[in-house]
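Peer 1: Before anything else, here's the structure in question.
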Amino acid sequence: MNRKFQLFCAIAGILSCLLMIAAAIGIGLSKPEKPVVKPTTELDTEVNIVGYDRWIWDEADVLSDATREQISLFNANWVRRYDSLIAVAMVDSVNGAIDDYAYELGAEIELASADAILVVNVGGKDAYLAVGPDYPLSD
């Protein structure tokens with residue numbers, strides 16, 4: 028009788044496990060599917076760009092109004108997604124190394140640690156992107 032009881036308990040345990048697995052599958056299948064949110068690289072053209080032009084310095088006078096607006100649109104979207112922006116400085120010339128100039132200008136305009144500055148030396152045909160230590164280099 029002891030052997031029959033052990034066999035009964037083993038079968039009852041296996042059936043209980045199978046019942047729990049079936050219940051878990053049923054519960055999982057009964058839940059509505061969550062919508063898949065695809066990451067987008069598209070710009071939100073409805074975002075407010077007011078104030079973002081302060082991060083554009085066009086000493087060389089080479090940027091059109093449309094280009095300034097596009098840079099502001101990129102920055103507004105970048106700030107919304109990553110809390111980061113890229114200041115743009117178009118200069119006629121740079122005294123010294125362009126990388127030093129870029130970091131000094133970034134500090135002068137008080138960029139945050141997650142921001143960057145693109146300096147384009149139009150006269151010297153050179154450019155440099157200086158990034159802060161917390162700049163999001165990948166998503």
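Just so you know, we're using this note's numbering here: the sequence shown kicks off at 28 and counts up by one.
Note that the Cβ used here is the ideal one computed from N, Cα and C, for glycine as well.
1) In whole angstroms, what is the alpha-carbon distance linking Gly-150 and Ala-134?
2) Is it buried or exposed, Tyr-109, if we count other Cβ atoms within 10 angstroms and call 16 or more buried?
3) Going by Cα to Cα distance, which pick from Ala-154, Ala-141, Arg-30 is closest to Ala-116?
4) Can the beta-carbon of Asn-104 be found less than 8 Å from the beta-carbon of Asp-80?
5) Taking Cβ to Cβ, would you say Leu-112 is nearer than 8 Å to Ile-76?
6) Buried or exposed for Leu-138, please, with buried defined as at least 16 other CB atoms from any protein chain shown within 10 angstroms of its CB.
7) Out of Ile-48, Val-147, Asp-92, state which residue places its alpha-carbon closest to the alpha-carbon of Ser-119.
8) Based on Cα-Cα distance, which residue from Ile-125, Asn-102, Ile-38 lies nearest to Trp-82?
9) Could you check where the alpha helix (DSSP H) with Asp-85 kicks off and where it finishes?
10) Tell me the start and end of each unbroken beta strand (DSSP E) in the region 106 to 130 that is at least 3 residues and wholly inside, in chain order.
Peer 2: So, from the listed chains and residues:
1) Just so you know, the alpha carbons of Gly-150 and Ala-134 end up roughly 23 Å apart.
2) Exposed: under 16 other Cβ atoms inside 10 Å.
3) Taking the Cα of Ala-116 as reference, the smallest distance to any Cα among Ala-154, Ala-141, Arg-30 is reached at Ala-154.
4) It is not a contact, given that the beta carbons lie outside the stated cut-off.
5) For Leu-112 and Ile-76, no; Cβs fall outside 8 Å.
6) Buried, because 16 or more other Cβ atoms sit within 10 Å of the Cβ of Leu-138.
7) A small correction: the amino acid at residue 119 is Asp; Ser does not occupy that position in the sequence shown. Out of Ile-48, Val-147, Asp-92, Val-147 has the C-alpha closest to the C-alpha of Asp-119.
8) Put simply, of Ile-125, Asn-102, Ile-38 the residue whose alpha carbon is nearest the alpha carbon of Trp-82 is Asn-102.
9) In the DSSP annotation of this structure, Asp-85 is not part of any alpha helix (DSSP H); the continuous beta strand (DSSP E) holding it starts and ends at 83 to 85.
10) Fully enclosed beta strand (DSSP E) runs of 3 or longer: 113 to 118.
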